[in-house]
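Student: Count the sequence shown with the working numbering and you get residues 531 to 784, in order. All C-beta atoms in this analysis are idealised placements derived from N, C-alpha and C, irrespective of residue type, glycine included. Attaching a single structure in structure tokens format; questions to follow.
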Amino acid sequence: MKRVSGKERRRIRQARNLGITISMFMSIILLAFMYIGNVFNIKNIETSGNNKTSSSELINGSGIHFGENIFKVSTKNAEKNLLKLPYVKTASVTREKKNTLRITVVEREEVFSILSNGVIFTCDKDGRILSKSKTTSVYPIVKGIDVNDSDLGLNIFEENEDIEPLRDIITTAIDMGIIDKYLEIRLQKNKEFGLTRVGNIKIDFGKSERIKNKFNFIEKTLESLDAKGKTTTLIKLNMDPPVTFLKDGEKVEE
Numbered sequence: 531m532k533r534v535s536g537k538e539r540r541r542i543r544q545a546r547n548l549g550i551t552i553s554m555f556m557s558i559i560l561l562a563f564m565y566i567g568n569v570f571n572i573k574n575i576e577t578s579g580n581n582k583t584s585s586s587e588l589i590n591g592s593g594i595h596f597g598e599n600i601f602k603v604s605t606k607n608a609e610k611n612l613l614k615l616p617y618v619k620t621a622s623v624t625r626e627k628k629n630t631l632r633i634t635v636v637e638r639e640e641v642f643s644i645l646s647n648g649v650i651f652t653c654d655k656d657g658r659i660l661s662k663s664k665t666t667s668v669y670p671i672v673k674g675i676d677v678n679d680s681d682l683g684l685n686i687f688e689e690n691e692d693i694e695p696l697r698d699i700i701t702t703a704i705d706m707g708i709i710d711k712y713l714e715i716r717l718q719k720n721k722e723f724g725l726t727r728v729g730n731i732k733i734d735f736g737k738s739e740r741i742k743n744k745f746n747f748i749e750k751t752l753e754s755l756d757a758k759g760k761t762t763t764l765i766k767l768n769m770d771p772p773v774t775f776l777k778d779g780e781k782v783e784e
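Encoded structure:
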């Protein structure tokens, strides 16, 4: 095996050091090109997945600015900012091209509304307040809760533990696939609830106990009456046994 002389070793070492120096120099030039020049400044911000939130709301909410260097943008911070928007459930910010960012979101679905002081607030299934308006097509409407304009984006169930029973009723109705059959949920005295079903059927629901059993009772009762060609105006589940008042004035005890 041929021995490498000290002179050759020095030459190899110098060549290696020169290579490292050149690599570092090129890296510095590349980084300077990426961060200092305007070649990678943001010119386009694309959005997708947003139906309730406008593109301008997403862009402004992200904290990203046009003309900003695309590599200086913290996508994680932008995603955290986007989650503060009421409708945004999940958010992703990605670099698509040298001048383009993409904001992709999954929005929360409107499940019920709250009427408070003449204003209607829409909420998702978790109780997050999404929007406010004078009218709504999102039912049921909950009455008996006070909501302020500043509550947009907050979760009513987390802010007010006293209405936890309302969450149980809404969640059960969603799980059973019957939430859209109810027009109104009222918080009443003694922690009891009143419901209004499609067809203007009033239901004294009582307390939030045996919720699934009560909903099953309502569905079976209405199916049975429909099969007999009869209708009801009131079902009292807060009585033992429950009482159904028919439209013709007849009273049926179960």
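If you run the structure through DSSP and keep just helix, strand and coil, what is residue 596?
Tutor: Start at 1 with the first residue of the sequence shown, and residue 596 comes out as number 66. Residue 596 falls in the coil class under three-state DSSP.
Student: Measuring CB atoms only, is the segment 649 to 661 touching the segment 718 to 735, in the sense that at least three cross pairs come out at less than 8 Å?
Tutor: With the cut-off at 8 Å, the segment 649 to 661 and the segment 718 to 735 do not touch.
Student: Note down the Cα distance separating residue 728 from residue 611, rounded to an integer number of angstroms.
Tutor: Counting from one through the sequence shown, the residue named residue 728 turns up at place 198. Counting from one through the sequence shown, the residue named residue 611 turns up at place 81. Distance between the alpha carbons of residue 728 and residue 611 is about 40 Å.
Student: Please state whether DSSP places residue 646 in a helix, a strand or coil.
Tutor: Position 116 of the sequence shown, counted from the start, is the residue given in the question as residue 646. Correct three-state label for residue 646: strand.
Student: Between the segment 739 to 747 and the segment 709 to 718, can you find at least three pairs of beta-carbon atoms closer than 8 Å?
Tutor: Taking 8 Å as the limit for Cβ pairs, the verdict is that the segment 739 to 747 does not touch the segment 709 to 718.
Student: Could you pull the DSSP bridge partners for residue 634 from this structure?
Tutor: Counting from one through the sequence shown, the residue named residue 634 turns up at place 104. Partner(s): 578, 622.
Student: Expressed to the nearest angstrom, what Euclidean distance is found between the alpha-carbon atoms of residue 686 and residue 645?
Tutor: Within the sequence shown, residue 686 is the residue found at index 156, counting from 1. Within the sequence shown, residue 645 is the residue found at index 115, counting from 1. Cα to Cα, the separation comes out at about 13 Å.
Student: Please identify the residue among 762, 767, 771 whose C-alpha is closest to the C-alpha of residue 778.
Tutor: The residue given as residue 778 occupies position 248 in the sequence shown. The shortest Cα separation from residue 778 among 762, 767, 771 belongs to 762.
Student: Measure how close the beta-carbons of residue 652 and residue 636 come, nearest whole angstrom, since I'm counting them as under 8 Å.
Tutor: As a first step, residue 652 must be located in the sequence shown, where it is residue number 122. As a first step, residue 636 must be located in the sequence shown, where it is residue number 106. Going by Cβ atoms, the distance from residue 652 to residue 636 rounds to 17 Å, so no, they are not a contact pair.
Student: In whole angstroms, what separates the C-alpha of residue 738 from that of residue 570?
Tutor: Position 208 of the sequence shown, counted from the first residue, corresponds to residue 738. Position 40 of the sequence shown, counted from the first residue, corresponds to residue 570. The straight-line gap from Cα to Cα measures roughly 58 Å.
Student: Across the segment 685 to 702 and the segment 615 to 634, are there enough close Cβ pairs to call them in contact, namely three or more that are closer than 8 Å?
Tutor: Because the criterion of three Cβ pairs below 8 Å is not met, the segment 685 to 702 and the segment 615 to 634 do not touch.
Student: Quick check: what's the CA-CA separation for residue 631 versus residue 590?
Tutor: Taking the first residue of the sequence shown as 1, we reach residue 631 at position 101. Taking the first residue of the sequence shown as 1, we reach residue 590 at position 60. Spanning the two alpha carbons is a distance of roughly 13 Å.
Student: Between the C-alpha atoms of residue 670 and residue 608, what's the straight-line distance to the nearest angstrom?
Tutor: What you label residue 670 is simply residue 140 of the sequence shown in a count that begins at 1. What you label residue 608 is simply residue 78 of the sequence shown in a count that begins at 1. Between residue 670 and residue 608, the C-alpha separation is close to 34 Å.
Student: Can you tell me whether residue 771 is buried or exposed, with buried defined as 16 or more other CB within 10 angstroms of its CB?
Tutor: As a position in the sequence shown, residue 771 is number 241, starting the count at 1. Residue 771 should be labelled exposed.
Student: Considering only C-alpha positions, which residue in the set 614, 638, 702, 674 is nearest to residue 692?
Tutor: Residue numbering aside, residue 692 sits at position 162 when the sequence shown is read from its first letter. Considering only alpha carbons, the answer is 674.
Student: Compute the beta-carbon to beta-carbon distance between residue 586 and residue 633, rounded to the nearest angstrom, for a pair I have assumed lies under 8 Å.
Tutor: Residue numbering aside, residue 586 sits at position 56 when the sequence shown is read from its first letter. Residue numbering aside, residue 633 sits at position 103 when the sequence shown is read from its first letter. Between residue 633 and residue 586 the Cβ distance is about 11 Å, and since that is not below 8 Å, they are no contact.
Student: To the nearest angstrom, how far is the alpha carbon of residue 643 from that of residue 650?
Tutor: Translated into the one-based positions of the sequence shown, residue 643 becomes position 113. Translated into the one-based positions of the sequence shown, residue 650 becomes position 120. C-alpha separation (whole angstroms): 6 Å.
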